[in-house]
Amino acid sequence: MIQQKIRKAVFPAAGMGTRFLPATKSIPKEMLCLVDKPLIQYGVEEAVAAGCTEIIIVTGRDKAAMEDHFDSSPELEAALAAKGKQALLETVRSLSKLAKIVYTRQAEPLGLGHAILMAKELVGDEPFCVLLPDDIIDSTVPCMKQMVEAFEATQASILASEVIEGPAISNYGCLDCTPVAGNPRLMEVKRLVEKPKFEDAPSANAITGRYVLTPRIFQMIEGVKPGAGGELQLTDAIQALLQHEKVYGYRFEGTRHDAGDKLGFLKATVELALKRRDLGPAFREWLKNVPL
Ligand code: UTP
Numbered sequence: 001m002i003q004q005k006i007r008k009a010v011f012p013a014a015g016m017g018t019r020f021l022p023a024t025k026s027i028p029k030e031m032l033c034l035v036d037k038p039l040i041q042y043g044v045e046e047a048v049a050a051g052c053t054e055i056i057i058v059t060g061r062d063k064a065a066m067e068d069h070f071d072s073s074p075e076l077e078a079a080l081a082a083k084g085k086q087a088l089l090e091t092v093r094s095l096s097k098l099a100k101i102v103y104t105r106q107a108e109p110l111g112l113g114h115a116i117l118m119a120k121e122l123v124g125d126e127p128f129c130v131l132l133p134d135d136i137i138d139s140t141v142p143c144m145k146q147m148v149e150a151f152e153a154t155q156a157s158i159l160a161s162e163v164i165e166g167p168a169i170s171n172y173g174c175l176d177c178t179p180v181a182g183n184p185r186l187m188e189v190k191r192l193v194e195k196p197k198f199e200d201a202p203s204a205n206a207i208t209g210r211y212v213l214t215p216r217i218f219q220m221i222e223g224v225k226p227g228a229g230g231e232l233q234l235t236d237a238i239q240a241l242l243q244h245e246k247v248y249g250y251r252f253e254g255t256r257h258d259a260g261d262k263l264g265f266l267k268a269t270v271e272l273a274l275k276r277r278d279l280g281p282a283f284r285e286w287l288k289n290v291p292l
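Numbered by this note's numbering, the letters in the sequence shown go through residues 1 to 292 in order.
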């Protein structure tokens, strides 16, 4: 079998971001900042660290903010150069050199499966990764790099998974899976259940916002029946993929923050700020005096 390499990463970023209204009325959720970086940048940097050279962002309204963010900015660069702000200049310049970034549009937010389908032509006939920009994963080895390595070993689709204890599993897609001998992080998926009742959940292994998918997924999405609100669910398409190919769950090393949720966003802000060399010490001191 020819070993396929992952080169492309798809970022669905066309959702409504209703949990963050009014902030997301005119700003895409993916441009909300954790400390000083928009959510989408964390994901793009992770994909680049995993070896991706082409980034495909699926946008809805307001794509200009994202395009401008990853584009060069001659006026800003000239102003920073004139003021001798070399470090900031490098930060700004490096953004436009991260990877080849292309945009495609999802006219209506018809679900995650539908958003990924919008990237079909741009991806073509090769395996690719998907990163949901509101899941921020803080890890020693970038999460997507861990998953690409798992793909290289299996040549099969890989779903990032996290153990969610208790009734909270009902908020996630859930894996019915068996362990794989020799790799404690890998699980062979038998079945997927979207948002199960706690008592019906086949395991505590939840699916989180990182995927490596084989190109057959596009055919599977096209065959999925729309659910509530006409949405095409990615979980249904992966379930259909299981009839043709193996699919694995991968328990990544790292901490996931759900930055698409207000409380998760606050927690991520605090944890990431505490880890920053420039801000961490002063922020920690200040936190000690916050009346709780
Ligand atoms: P979410 O369900 O978390 O995003 O989708 P949302 O719908 O924008 O958020 P709320 O619930 O209204 O606050 C996860 C990711 O998938 C994208 C979103 O932009 C987000 O990055 N998405 C979701 C799409 O691109 N298209 C869709 O139709 C749905």
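Every residue gets a Cβ at the ideal spot worked out from N, C-alpha and C, and that includes glycine.
Owing to the predicted nature of the structure, the values given are computational and were not obtained by experimental measurement.
Apart from the 5 residues on each side of it in sequence, histidine 69 sits with its Cβ closer than 8 Å to the Cβ of Met31, Pro38, Ile40, Gln41 and Leu95 in its chain, given in chain order. Using a cutoff of 6 Å, the CB of glycine 173 does not count as near the ligand UTP, since none of the ligand's heavy atoms is closer than that. Rounded to whole angstroms, arginine 19 and lysine 262 show a C-alpha spacing of 7 Å. At a threshold of 6 Å, aspartate 134 counts as near the ligand UTP, since its beta carbon sits closer than that to one of the ligand's heavy atoms. Counted as a single uninterrupted DSSP element, the beta strand (DSSP E) harbouring arginine 251 occupies residues 247 to 251. With contact defined as three or more Cβ pairs closer than 8 Å, the region 175 to 182 and the region 250 to 265 are not in contact. Per DSSP, the unbroken beta strand (DSSP E) holding glutamate 54 starts and ends at 54 to 59. DSSP places glutamate 90 inside the alpha helix (DSSP H), whose first and last residues are 86 to 95. Spatial neighbours of serine 203 in its own chain (CB-CB distance under 8 Å, excluding positions within 5 residues in sequence) are listed in chain order as Cys174, Leu175, Asp176 and Cys177.
Under the DSSP assignment, glutamate 188 falls in the beta strand (DSSP E) whose first and last residues are 183 to 194.
At the C-beta level, isoleucine 57 and phenylalanine 128 stay beyond 7 Å of one another. Between the ligand UTP and the CB of leucine 112, the shortest heavy atom gap is smaller than 6 Å.
Look at threonine 235: its beta carbon is at least 6 Å from all of the heavy atoms in the ligand UTP. Judged by pairs of C-beta atoms under 8 Å, the region 241 to 248 touches the region 211 to 220, as three or more such pairs exist.
Between proline 28 and aspartate 62, the gap from beta carbon to beta carbon is short of 7 Å. Beta-bridge partners assigned by DSSP to histidine 257: Ile136.
Placement of the Cβ of methionine 144 at a distance of 6 Å or more from every heavy atom of the ligand UTP is found. When only Cα atoms are considered, valine 141 and arginine 185 end up about 14 Å apart.
Fewer than three beta-carbon pairs drawn from the region 81 to 95 and the region 104 to 124 are found closer than 8 Å, and the two stretches are therefore not classed as touching. Shown here for proline 215: same chain residues with a beta carbon closer than 8 Å to its own, the five before and five after excluded, namely Val123, Gly124, Asp125, Glu126, Pro127 and Phe128 in chain order. Linking methionine 144 to proline 281 through their CA atoms gives a straight-line distance of about 29 Å. In the structure shown, arginine 19 adopts helical secondary structure according to DSSP, grouped into three states. When C-alpha distances from tyrosine 211 are compared across Lys225, Asn171, Ser170 and Glu162, the shortest belongs to Glu162.
Taking the CA atoms as reference points, glycine 60 sits about 15 Å from glycine 113.
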